[in-house]
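The structure appears below as structure tokens.
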């Protein structure tokens with residue numbers, strides 16, 4: 001266990017800054033190499049994502065292990081915005097833990113899957129790998145403009161399905177409470193997917209889970225950077241800042257609107273998504289002298 005705090009800690013969204021939104025893989029080899037270098041230097045790295053354990057294991061962990069991830073790294077995965085978590089080391093993914101209290105009722109999951117396959121399979125597919133939330137993702141052979149239109153139609157239909165099952169749900173300004181008056185679920189839109197999830201899940205809670213894990217394996221750095229491509233990703237830095245750390249957030253898709261925050265918000269020149277993520281990681285590898 002290290003006794004000296006490392007100079008930096010990282011909390012990284014996956015889709016966008018690490019994995020290409022187009023290929024849904026780590027398409028820039030330098031990202032893998034620099035993550036391995038940073039981890040080998042003792043930098044705590046958490047992947048904070050809405051993605052499933054299956055996706056992270058295959059598209060992030062496997063390339064890192066193949067790229068030479070050494071023993072003793074401080075690396076952690078928090079998937080489905082806090083509902084699923086596991087350690088990562090030179091052998092790959094550790095045991096998976098799942099918060100079973102945040103899942104949708106099985107009949108609702110089945111009804112949503114049927115809705116996708118019956119009415120919306122021309123634009124999207126049901127993610128079979130999720131363990132707590134429901135996610136419906138854009139097909140890679142479908143144009144983004146067409147998907148966006150169909151996504152809006154799907155979300156309206158999904159809202160009606162959930163309301164008909166008596167499940168409390170919120171989507172934008174629309175809200176339908178359950179029999180107790182509660183609204184425990186929400187429909188959340190991303191550029192390549194729709195997540196239907198517990199309101200108890202979000203990236204600030206996922207960041208807290210990651211911090212607790214790192215605190216068990218050694219001293220925590222004072223300086224943290226979170227990286228993401230959506231407004232919800234700011235919640236990672238929100239939690240770090242509120243917990244008293246020196247935090248800043250790197251927004252790799254600022255065209256959606258940079259949020260006002262009490263900590264620095266960083267933009268990466270004229271590039272976005274994984275190109276910006278690659279440039280950010282390269283900056284820290286060079287700054288820390290570990291290339």
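Residue numbers (our numbering): 1 to 291. Built from N, CA and C at the ideal position, the CB exists for glycine as well. No experiment lies behind these values; they were computed from the predicted model shown.
Straight-line Cα distance separating residue j from residue i
i           : j           : result
residue 256 : residue 173 : 19 Å
residue 184 : residue 167 : 8 Å
residue 242 : residue 203 : 14 Å
residue 85  : residue 58  : 15 Å
residue 210 : residue 240 : 11 Å
residue 25  : residue 248 : 26 Å
residue 127 : residue 140 : 13 Å
residue 64  : residue 31  : 10 Å
residue 288 : residue 33  : 15 Å
residue 170 : residue 200 : 13 Å
residue 309 : residue 2   : Here the chain comprises residues numbered 1 to 291, so residue 309 is not present and cannot be evaluated.
residue 91  : residue 244 : 33 Å
residue 116 : residue 21  : 21 Å
residue 152 : residue 253 : 21 Å
residue 194 : residue 138 : 9 Å
Selection from the options that minimises the alpha carbon distance to residue i
i           : options               : result
residue 284 : 223, 262 and 236      : 223
residue 41  : 251, 136 and 8        : 8
residue 280 : 233, 94, 38 and 157   : 38
residue 99  : 171, 232 and 206      : 206
residue 197 : 136, 230 and 208      : 136
residue 147 : 158, 191, 16 and 104  : 191
residue 154 : 142, 144 and 187      : 187
residue 156 : 225, 189, 129 and 238 : 189
residue 290 : 237, 23 and 35        : 35
Buried or exposed (CB count within 10 angstroms, at least 16 for buried), residue i
i           : result
residue 355 : There is no way to answer for residue 355, as the model of the chain reaches only from 1 to 291.
residue 213 : buried
residue 133 : buried
residue 180 : exposed
residue 286 : exposed
residue 228 : buried
residue 149 : exposed
Test: residue i CB closer than 7 Å to a CB of chain C
i           : result
residue 143 : Although the question refers to chain C, the structure presented lacks it and comprises just one protein chain.
Query - Stretch-stretch touch, CB-based, cutoff 8 Å, three pairs: the stretch 66 to 81 with the stretch 116 to 124 - result: no
Query raised in the report: Hey, is the stretch 155 to 175 in contact with the stretch 207 to 227, meaning 3+ C-beta pairs nearer than 8 Å?
Result: no
Query raised in the report: For the 8 Å Cβ check, are there 3 or more pairs between the stretch 151 to 162 and the stretch 103 to 117?
Result: In this structure the stretch 151 to 162 touches the stretch 103 to 117; the number of beta carbon pairs closer than 8 Å is three or more.
**Report entry** Length at least 3, wholly inside the stretch 79 to 144: the beta strand (DSSP E) runs in chain order
**Finding:** 84 to 89, 124 to 126 and 134 to 138
Report task. Any chance you could list the alpha helix (DSSP H) runs of at least 4 consecutive residues sitting entirely within the stretch 176 to 229, in chain order? Result -> 203 to 216
Query raised in the report: Can you list the alpha helix (DSSP H) stretches of 4 or more residues lying completely in the stretch 11 to 73, in chain order?
Result: 29 to 40, 53 to 56 and 62 to 66
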